[in-house]
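Below is one structure, written out as structure tokens, with a few remarks after it.
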């Protein structure tokens, strides 16, 4: 970490340019998107300290259901050991650290494939073959448990030993995000795409209204008037906004039934929000989306976009065909963005890159980049 801290100190003068007022500010220096040392520091200061959404409760609806996941190479199991209980634990056997589960499914227990130590679905150690002569007391032992909170159908966890209270973390969004009633929707599908760029480029791209009318002009860019969009900024890099657009389809026509809580709103209603570090929430009159941006390496990122509809959407005529069109529309939008963010990544490591000035349309991005600087430059 010393190398990363040294790099952050070296970048201090450039960070000051980002922290200027918006009309005078410049974007972050390229090194923060390309340095392996800074990436490692981001893991410790951001992803190992913040509350993270790692899935939907409906993905593990039955007792014994589980799914595995990895956050910056930290493997976890998300499971349902009882009807009203969801647990998240480290996917590391208590003997040597081997993963005891893989993929997803339903199980009565997890058996380590290396030495057959056995754990129940909640992570409690059941048996440790060949250990009778050991004098180490393993009574009540369990896979390392992480805290769990459920918010509007999403499973949140935190890797910190002393995490910020979840209620404090989510408070800025409880009342203001009236439109993101994802607990009242059902999961229709997930779109998973890997992009060859640093995770921050994608988080920034998801709030960059400036580019929408340019690279998305053939999909939805013509429906969004970026210069008329105002952002409400929240603490810790958060933001949200409401504006006029059109439903999410290639021609802009509404296909799925209107969300119950949007019945009295304009059919062109559009809402977006960002919860730091890696969540982007989006609404149109007939649907919700939750974008998760997961770092894989300094120059690789995985996007998982959850597509959610109200119950009555699942019984419309030709539902599967319409869902297919919706899914492909989302994929096309991501593909349009991928070309640009991968080009950004190519430039990030160049000694010739001088971060450009920010546009007045980049106020939310400016707000988030300043928060990033605060997190990464604080004294250890």
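In UniProt numbering, the protein residues as written are 1 to 380. Beta carbons are placed, not taken as given, at the ideal position from N, Cα and C, and that holds for glycine.
Inset, instruction - Please look up how many angstroms separate the CB atoms of residue 291 and residue 299, rounded, as I've assumed it's under 8 Å. - result: Incorrect: roughly 19 Å between the Cβ atoms, too far for contact.
Legend entry - Neighbourhood of residue 25 by C-beta distance below 8 Å, restricted to the same chain and skipping five residues each side: 17, 18, 19, 357, 358 and 366
Legend entry - Cβ contact (3+ pairs, closer than 8 Å) linking the segment 151–169 and the segment 99–117: no
Inset, instruction - Could you say which of 205, 85 and 50 lies nearest to residue 62 if we only look at CA atoms? - result: 85
Legend entry - CA-to-CA distance, residue 254 to residue 285, given in whole angstroms: 8 Å
Legend entry - Inter-residue Cα distance where the pair is residue 14 and residue 4: 16 Å
Inset, instruction - Run the CB neighbour count on residue 320, radius 10 Å, all protein chains shown included, and call it buried at 16 or more, exposed below. - result: exposed
Legend entry - CB of residue 78 within 8 Å of CB of residue 90, strictly: no
Legend entry - Nearest residue (CA-CA) to residue 233, options 313, 181, 102 and 371: 371
Legend entry - Between the CA atoms of residue 235 and residue 172 - distance to the nearest angstrom: 8 Å
Legend entry - Beta-carbon contacts of residue 338 that lie in its chain and below 7 Å, excluding the five residues immediately before and after: 195
Legend entry - Enclosing alpha helix (DSSP H) for residue 372 [first to last residue]: 363–377
Legend entry - Alpha-carbon to alpha-carbon, residue 87 and residue 230: 39 Å
Inset, instruction - Identify which residue in 99, 137 and 135 has its Cα closest to the Cα of residue 119. - result: 99
Legend entry - Within 8 Å, strictly: CB atoms of residue 45 and residue 375: yes
Legend entry - Coarse secondary structure for residue 272, derived from DSSP in three states: strand
Inset, instruction - Determine the burial state of residue 154: buried for a count of at least 16 other Cβ atoms within 10 Å of its Cβ, exposed for fewer. - result: buried
Inset, instruction - Output the distance between the C-alpha atoms of residue 313 and residue 379, rounded to the nearest integer angstrom. - result: 50 Å
Legend entry - Integer Cβ distance of residue 345 from residue 201, believed to fall under 8 Å: 6 Å
Inset, instruction - Rounded to whole angstroms, what's the CA-CA distance from residue 248 to residue 316? Just pull it up for me. - result: 17 Å
Legend entry - Enclosing alpha helix (DSSP H) for residue 52 [first to last residue]: First-last for residue 52: 52–56, but that is the beta strand (DSSP E), not the alpha helix (DSSP H).
Inset, instruction - Count the other C-beta atoms from every protein chain shown that fall within 10 angstroms of the C-beta of residue 73, then say buried if there are 16 or more, exposed otherwise. - result: exposed
Inset, instruction - Put residue 107 into one of helix, strand or coil per three-state DSSP. - result: coil
Legend entry - DSSP bridge partner residues for residue 305 (one or two, in chain order): 191 and 291
Inset, instruction - Using three-state DSSP, classify residue 247 as helix, strand or coil. - result: coil
Legend entry - From 49, 11, 288 and 295, residue whose alpha carbon lies closest to that of residue 165: 49
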